[in-house]
Amino acid sequence: MEKFDLCIIGGGPSGYAAAMRALDFNKKVLLIEKKKLGGAALYNGALWSKTMWEYSQRVAATREVVPTYEVCYNDVKAQIDQALTERNEQMMKQTLLLQERSNNTQTLRYIKGTGKMLSANKVQIQSDLGTFEIETEYIMLATGSRPRKLNHINIDEQTICTSDGLNNFEDFPKSLVILGAGVVGCEFATIFSNFGKTKVHLIDKADRILPFEDEDVSSTVTENLEKNGVVIHKNSSLVRMEIKDGKVEYELVYTDGRREIINVEKALISVGRVGNIENIGLEEVGVKLSAKLNIQDVDTQTNIPNIFVAGDLTSQMALVHVGEREARHAVVRMFDKVKKPIEYSNISTIMFLNPEVASLGMGQDEAKNKNIPVKVVKIDYSLIARAIAMRKTKGFFKIIVSNDKEMKILGMRAVGEHASSAIQAIAYLMYTNQGIEDLANMMHPHPSIIEGIQECLRMLLKKSIYKPSVFKDKLQAFSCVDGYCTPIDFID
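Per this note's numbering, residue 628 is the first one in the sequence shown, and the count goes up by one each step.
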């Protein structure tokens, strides 16, 4: 029976990252992937949807100048296919080359198939090569997740689909309803409305979309979606959704008792994801699950000491960069010493909407709800030279700090062009537990979006170039204490 130092079940972003990191320690690694190397994140998730978003943004920008401009759906699919092929070829090229170069101290073996734990040190593999068993010192579980389905809706992945079924579209639907106003639902509402060929409906059971975000973030995204023609069914619950004559009919009931029946061409169900925990041997080995069917872990380690987990199977954020970080961290825990556990409070996230939204740490609403005293400073994009030059002045930067002399950064929200790139400087300050003064005093390039961050920090230090007393609607500062946020004048 062949022996390995590490057996990884799942070849998505987390599993792939774990394999590459283990090679750094000259270990013998087995990587098992059921379908395609890169996993759902590549073929049905982040890269797929973000390539489509980028294309839709360019189309939307062109349509602002030439309102009659149209794009062919096949051209969009071709761009997406090229992006996926490029990424897959990179991963496969490296995997196969490293496998060929394997030696006595560093070995990578890649198998397309399934892996099931028989014990804490034994894994059964089924592939085109047959069924066989291997022994391993450590096991990494990285089987990812799939879209959640609803029992009362007939999801055929053609007319009513999850994100996995969007690949089956042959053209832009004339109309599309999206169930779920979270990140994925709002992203696809943005994408399809950007192309200008689909009437988009968004079902939202709450009184506002993105309910987990600050209200000003939600309202900015809502305004732009509605400007793009998206109909948001707020305070609504889905009574039924069914396929009739090849189209979709759905019925809503609103909190005020009103009912509505609407017919559209296609439907997208976006109500979260569930981990792929079936048939990997969790029960046989005794790996514990949480009440929400995530694998329980402490800093990536399960209750079985030599079995680790990363990515969507954990109870943490189901994001590619989080899964990759967890996987690499777990490998270091296996074969070396780590300096400190993973810190999730300073992880930045991106929402590909219109405009972009980037979040980091605590939000203003969260601080208020938890009765945490904070100071909040906010600058409108219309005061940032680069945004003015781009003619993209819709958005803002907002930084939340502790309500004391230390003014420790607790979180940030960025809404607007380049938000995803701009937020990382603040993430670094949080990660290294540094103060705001050094970043405020640095020479930032001009014109750049990140000058807005610098001006926010200058506001906190009472030395901003633009004064809130003059630009009261564009520069704002609040003191939030005992659950109440009031404007303050500590800056001027």
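Heads up, the beta-carbon is just placed ideally off N, CA and C, and yes, glycines get one too.
> With 16 other CB atoms within 10 Å as the buried threshold, where does residue 996 fall?
Replying inline: exposed
> Between residue 709 and residue 848, what straight-line distance do the alpha-carbon atoms span, to the nearest angstrom?
Replying inline: A straight-line Cα-Cα distance of about 30 angstroms links residue 709 and residue 848.
>> Please classify residue 1107 as buried or exposed, where buried requires at least 16 other C-beta atoms within 10 Å of its C-beta.
In response: Buried is the call here.
>> Taking a contact to mean a Cβ-Cβ separation below 8 angstroms, would you say residue 1062 touches residue 1024 in this structure?
In response: no
> For residue 737, which beta-bridge partners are listed by DSSP?
Replying inline: DSSP lists 658 as partners of residue 737.
>> Tell me which residues share the same chain as residue 1077 and place their Cβ nearer than 6 angstroms to its Cβ, disregarding the 5 neighbours each side in the sequence.
In response: 1049, 1071
> Which ranges does the alpha helix (DSSP H) cover as unbroken runs of at least 4 residues, wholly within the segment 752 to 835, from first to last along the chain?
Replying inline: Listed in chain order, they are 810 to 822.
> Alpha carbon to alpha carbon, how far is residue 645 from residue 927?
Replying inline: 12 angstroms
> Buried or exposed: residue 717, going by 16 or more other Cβ atoms within 10 Å of its Cβ?
Replying inline: exposed
> In the DSSP assignment, what are the bridge partners of residue 663?
Replying inline: DSSP, once it has assigned bridges, lists no residue as partnering residue 663.
> Can you tell which of 898, 840, 822 has the C-alpha that lies nearest to the C-alpha of residue 1177?
Replying inline: A query on residue 1177 cannot be resolved here, the shown segment of the chain reaching from 628 to 1119 and no further.
> Between residue 990 and residue 876, which are expected to be in contact by the criterion C-beta below 8 angstroms, what is the C-beta distance as a whole number of angstroms?
Replying inline: So it is not a contact: roughly 38 angstroms between Cβ atoms.
>> Assuming the contact rule is C-beta atoms closer than 8 angstroms, residue 800 and residue 893 should be a hit. Round their C-beta distance to whole Å, please.
In response: 4 angstroms
> Start and end of the alpha helix (DSSP H) containing residue 1053?
Replying inline: 1051 to 1058
>> Please state the DSSP three-state secondary structure of residue 747.
In response: It is coil, neither helix nor strand.
> With burial defined as no fewer than 16 other Cβ atoms inside 10 Å of the residue's Cβ, what is the status of residue 785: buried or exposed?
Replying inline: exposed
> Where do the ends of the beta strand (DSSP E) carrying residue 866 lie?
Replying inline: Unbroken beta strand (DSSP E) run through residue 866: 863 to 871.
> What whole-angstrom Cβ distance do residue 739 and residue 908 have, given they're in contact under 8 angstroms?
Replying inline: The C-beta separation of residue 739 from residue 908 comes to about 19 angstroms, leaving the pair out of contact by the 8 angstroms criterion.
> Would you call the CB atoms of residue 1084 and residue 1067 closer than 8 angstroms?
Replying inline: yes
> Of all the alpha helix (DSSP H) runs that stay within the bounds of the segment 942 to 976, which reach a length of 4 or more residues?
Replying inline: Qualifying alpha helix (DSSP H) stretches, in chain order: 947 to 962.
> In chain order, which continuous runs of the alpha helix (DSSP H) of length 4 or greater are located wholly inside the segment 966 to 1046?
Replying inline: As for any alpha helix (DSSP H) of minimum length 4 sitting wholly inside the segment 966 to 1046, the runs are 991 to 996, 1012 to 1017, ordered along the chain.
> On the premise that residue 901 lies in contact with residue 1129, defined as a C-beta separation below 8 angstroms, what is that separation, rounded to the nearest angstrom?
Replying inline: In this structure the chain extends from 628 to 1119, so residue 1129 is not present and cannot be described.
>> At the level of alpha carbons, what is the spacing between residue 1006 and residue 994?
In response: 19 angstroms
> Going straight from the alpha carbon of residue 1137 to that of residue 857, what length do you get?
Replying inline: Coverage of the chain is limited to positions 628 through 1119, which leaves residue 1137 absent and any answer about it impossible.
> Are the Cβ atoms of residue 736 and residue 726 separated by less than 8 angstroms?
Replying inline: yes
> Per DSSP, residue 1106 forms a beta bridge with which residues?
Replying inline: 1002, 1113
> In chain order, what residues of the same chain have a beta carbon less than 6 angstroms from the beta carbon of residue 629, not counting five sequence neighbours either side?
Replying inline: Residues 761 of the same chain have their beta carbon placed closer than 6 angstroms to that of residue 629, with the five preceding and five following residues left out of the count.
> Between residue 790 and residue 811, which are expected to be in contact by the criterion C-beta below 8 angstroms, what is the C-beta distance as a whole number of angstroms?
Replying inline: 6 angstroms
> residue 639 and residue 658: beta carbons closer than 8 angstroms?
Replying inline: no
> Counting along the chain, where does the beta strand (DSSP E) carrying residue 886 start and finish?
Replying inline: 886 to 891
> In terms of residue numbering, what span does the alpha helix (DSSP H) encompassing residue 912 cover?
Replying inline: DSSP places residue 912 inside the alpha helix (DSSP H), whose first and last residues are 909 to 912.
>> Give me, in chain order, the residues of the same chain whose beta-carbon lies closer than 6 angstroms to that of residue 634; leave out the 5 immediate sequence neighbours on both sides.
In response: 657, 750, 763, 766
>> Measuring only the C-alpha atoms, how far is residue 781 from residue 868?
In response: Put simply, the backbone Cα of residue 781 is about 8 angstroms away from that of residue 868.
> Do you know whose CA, among 817, 1037, 1081, 1041, lies nearest residue 683's CA?
Replying inline: 817
>> Using the Cβ count rule (16 or more neighbours within 10 Å means buried), how would you classify residue 758?
In response: Answer is exposed; the Cβ neighbour count stays below 16.
> Where does residue 1118 sit, in a helix, a strand or coil, going by DSSP?
Replying inline: Only weak support exists for where residue 1118 lies, its pLDDT of 45 falling under 50; the value from the coordinates is given anyway. Coil, per DSSP.
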